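Encoded as structure tokens, the structure appears first; notes follow it.
Protein chains in written order, with our numbering: chain A, 862 to 978; chain B, 23 to 245.
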């Protein structure tokens, strides 16, 4: 009751807080530690050839997603902030993918123009 | 006329409708800044990827001079600091002043420990003559003399900029600590802790990628 009155008196003071349980934070921390140890052990003792870097990056992206979603509270952000976050990572994807596409495809086509001779 | 002003708590600046809008704006603004940081480090990661695809042998060879044990330890240290940072924000949310102060202090201790370990690694590279431009030597595999320097350049630039961000993070933490000791934060207002935390977690994420990409290439293959 007294809470309701207080809210009526100070409506703008009431902000919806999303307090995550300690348990969630500790579980995320545990997952991140397991990810770190497994990255290290796989790189040291498991030989998958070029598969190693793929596994390492999958673990790194998983760890990043955990940090962004739980520690950085994107779970609770409004949709505009989420759109910005997603847009930023999409832009990074453009940067890496198109640059690599250029470098990887160099020499695929014969270069007969005069300035390539 | 006056009653409109009375309803506004002191921490809400006059351009915002209410505290919630102010928090949303601060969060969005911090994320926009972090996106510029993502593009900054993204450029370095992109350049790294290109040169690694051009000189895979040299990169795998030089990676043996990074200590993966220290790298993994530093990753764990940063992850622990992220946990204490998240707990600091949570303490501010529920109004636990002492817990907030202690979690900020723990976060700073982890941050300093990270920089200390990084310093040990840098010193070892210096002793090993593995700093490009300062008497660089690569007698082990002379064919890689030039290309090995490219990876070491990436290593020092990427970890160096990351360490710089850690120093900035520690300055931010000091500021937050002073504000927390003065009792500036509570359940109604903790935005600086929240967006300071966003920055700290971002720096952690950069390291999550730097660790496998710099320390762990070619440890089992391309020997």
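Note that CB positions come from ideal geometry on N, CA and C, so glycine has one too.
Please read all numbers here as calculations on a predicted model, not as lab measurements.
*Mind listing which residues of the stretch 942-953 of chain A have their C-beta closer than 8 Å to chain B's C-betas, in chain order?*
Per Cβ criterion, the list reads 942, 945, 946, 948, 949, 950, 952, 953.
*asked:* Using the three-state DSSP reduction, which class does residue 208 of chain B fall into: helix, strand or coil?
replied: Strand, per DSSP.
*Can you tell which of A/923, A/952, A/921 has the C-alpha that lies nearest to the C-alpha of residue 61 of chain B?*
Taking only the C-alpha atoms, the option nearest residue 61 of chain B is A/952.
*Out of B/201, B/79, B/160, B/37, which has the shortest C-alpha to C-alpha gap to residue 120 of chain B?*
Measuring from the Cα of residue 120 of chain B, the nearest candidate turns out to be B/201.
*So the alpha helix (DSSP H) residue 914 of chain A belongs to, where does it begin and stop?*
912-927 is the span of the alpha helix (DSSP H), which, as asked, contains residue 914 of chain A.
*Given that residue 957 of chain A touches chain B, what residues does it touch there, using C-beta distances under 8 Å?*
Simply 64, 67, 68, 71.
*Determine the chain B residues that contact residue 930 of chain A at a beta-carbon separation under 8 Å, and present them in chain order.*
Simply none; closest approach about 11 Å.
*Which bits of chain A does residue 202 of chain B rub up against, with CB to CB less than 9 Å?*
Ordered by position in chain A, no residue passes the 9 Å Cβ test against residue 202 of chain B, which lies about 17 Å from the chain.
*asked:* For residue 941 of chain A and residue 225 of chain B, what's the separation of their Cα atoms in angstroms?
replied: Rounded to whole angstroms, residue 941 of chain A to residue 225 of chain B spans 23 Å at the Cα level.
*Pull out every residue of the stretch 197-221 of chain B whose Cβ sits closer than 8 Å to any Cβ of chain A, in chain order.*
The stretch 197-221 of chain B vs chain A, Cβ under 8 Å: 209, 210, 216, 219, 220.
*asked:* Could you check whether the Cβ of residue 118 of chain B sits closer than 6 Å to any heavy atom belonging to the ligand ATP?
replied: The model on display carries no ligand, and the ligand ATP is accordingly not part of it.
*Where residue 34 of chain B sits in the DSSP three-state scheme*: Residue 34 of chain B falls in the coil class under three-state DSSP.
*Got a sec, what are the start and stop residues for the alpha helix (DSSP H) residue 174 of chain B sits in?*
That run of the alpha helix (DSSP H) goes 167-203.
*Are the Cβ atoms of residue 107 of chain B and residue 229 of chain B separated by less than 7 Å?*
The answer is no: Cβ separation not under 7 Å.
_So, at 6 Å on beta carbons, what are the nonlocal neighbours of residue 889 of chain A in its own chain, with the 5 sequence-adjacent residues on each side left out?_
Excluding sequence neighbours, residue 889 of chain A sits near 927, 931.
_Using only the alpha-carbon positions, how far apart do residue 86 of chain B and residue 210 of chain B sit?_
Rounded to whole angstroms, residue 86 of chain B to residue 210 of chain B spans 51 Å at the Cα level.
_Contact under 7 Å by Cβ, residue 110 of chain B with residue 126 of chain B_ = Cβ atoms of residue 110 of chain B and residue 126 of chain B: closer than 7 Å.
*Exposed or buried, residue 94 of chain B, counting other C-beta atoms within 10 Å across all chains shown (16 or more means buried)?*
The residue in question, residue 94 of chain B, is buried, as its Cβ has 16 or more Cβ neighbours within 10 Å.
_Within a Cβ cutoff of 7 Å, which residues of the same chain sit near residue 214 of chain B, ignoring the five residues on either side of it in sequence?_
Exclusion of the five residues before and after residue 214 of chain B leaves 198, 201 as the residues of its chain whose Cβ lies within less than 7 Å of its Cβ.
*DSSP-derived helix/strand/coil call for residue 160 of chain B*: Note: residue 160 of chain B maps to coil in three-state DSSP.
*Give the residues of chain B in contact with residue 962 of chain A, contact being defined as C-beta atoms less than 9 Å apart.*
Result: empty, since nearest Cβ-Cβ is about 11 Å, beyond 9 Å.
*Counting along the chain, where does the alpha helix (DSSP H) carrying residue 223 of chain B start and finish?*
213-232 is the span of the alpha helix (DSSP H), which, as asked, contains residue 223 of chain B.
*asked:* Is it buried or exposed, residue 162 of chain B, if we count other Cβ atoms within 10 angstroms and call 16 or more buried?
replied: Around the CB of residue 162 of chain B, fewer than 16 other CB atoms lie within 10 Å, so the residue is classed as exposed.
_Under 7 Å (Cβ pairs) to chain A, residues found in the stretch 88-110 of chain B_ = Listed by position, the residues of the stretch 88-110 of chain B near chain A (Cβ gap below 7 Å) are 90, 94, 97, 98, 101, 104, 105, 108, 109.
_Cα-Cα separation, residue 98 of chain B to residue 923 of chain A_ = The straight-line gap from Cα to Cα measures roughly 16 Å.
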